[in-house]
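Below is one structure, written out as structure tokens; the observations come after it.
Residue numbers (mature numbering (1 follows the signal peptide of the UniProt record, and there is no 0)): -43 to -1, 1 to 201.
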């Protein structure tokens, strides 16, 4: 705010002649002479104070302006953890997109991406041409690296057998598997008895057909004449040696 206005100093001569009169007029002349010197002393003190206190404009000029290098060196704090990057790209926030770029070694692109509010939905539309024209990525290999990495992430999101989904499924099914194991151990005898009854009920419901026994002549008709000519006739008696 502006302070109270001050009266401008009247430029007095460098010296004021002291009256030399004597008597009653001398006192009056001395008083007038002192009154003439008082404003000159005040102006001198104010000038000294003004010289000691720098003005606001001088202070502003004395402050160094922050350079672009200092602004670039200021770290950007990102509010994104590694678990969020495992989610689909559609759910990525602006900070997660910047974190993804930093993980791939493109930390210099964090600031322009965040200025354009590049979230997961906008990142899906990223192309090689946009990286060159909008973000000044001059190196073709770097542009392809970013786009191919993005396509790889999108391919994993669209893959039905995603590892994350299977892990979530097993974590969901694990309690039920534990309950099943506990029941089978506790009621093992009852389960065995019921399974035997179930098998008997199934056999009674659909009995197995037993083939009727066939006569020996019918079943063995095709081998009846086999080897009939072998070993037939009278058996030769072995000659026994008579003991002499």
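Just so it is clear, CB atoms sit at the ideal spot from N, CA and C, and this is done for glycine as well.
Predicted, not measured: the structure shown is a model, and the values here were computed from it.
Can you grab the Cα-Cα spacing for the pair residue i / residue j, in whole Å?
i           : j           : result
residue 84  : residue 126 : 34 Å
residue 108 : residue 101 : 10 Å
residue 159 : residue 146 : 20 Å
residue 166 : residue 155 : 19 Å
residue 142 : residue 149 : 11 Å
residue 64  : residue 115 : 27 Å
residue 69  : residue 53  : 14 Å
residue 133 : residue 144 : 16 Å
residue 35  : residue 131 : 35 Å
residue 38  : residue 139 : 38 Å
residue 113 : residue 40  : 15 Å
residue 97  : residue 87  : 12 Å
residue 59  : residue 124 : 27 Å
residue 33  : residue 91  : 21 Å
Are the CB atoms of residue j and residue i within a distance shorter than 8 Å?
i           : j          : result
residue 51  : residue 75 : yes
residue 46  : residue 77 : yes
residue 129 : residue 80 : no
residue 106 : residue 61 : yes
Whole-angstrom Cβ separation of residue i and residue j, contact assumed at under 8 Å?
i          : j          : result
residue 56 : residue 42 : 7 Å
Which residue wins for smallest C-alpha separation from residue i, given the options the options?
i          : options         : result
residue 44 : 89, 99, 82, 111 : 111
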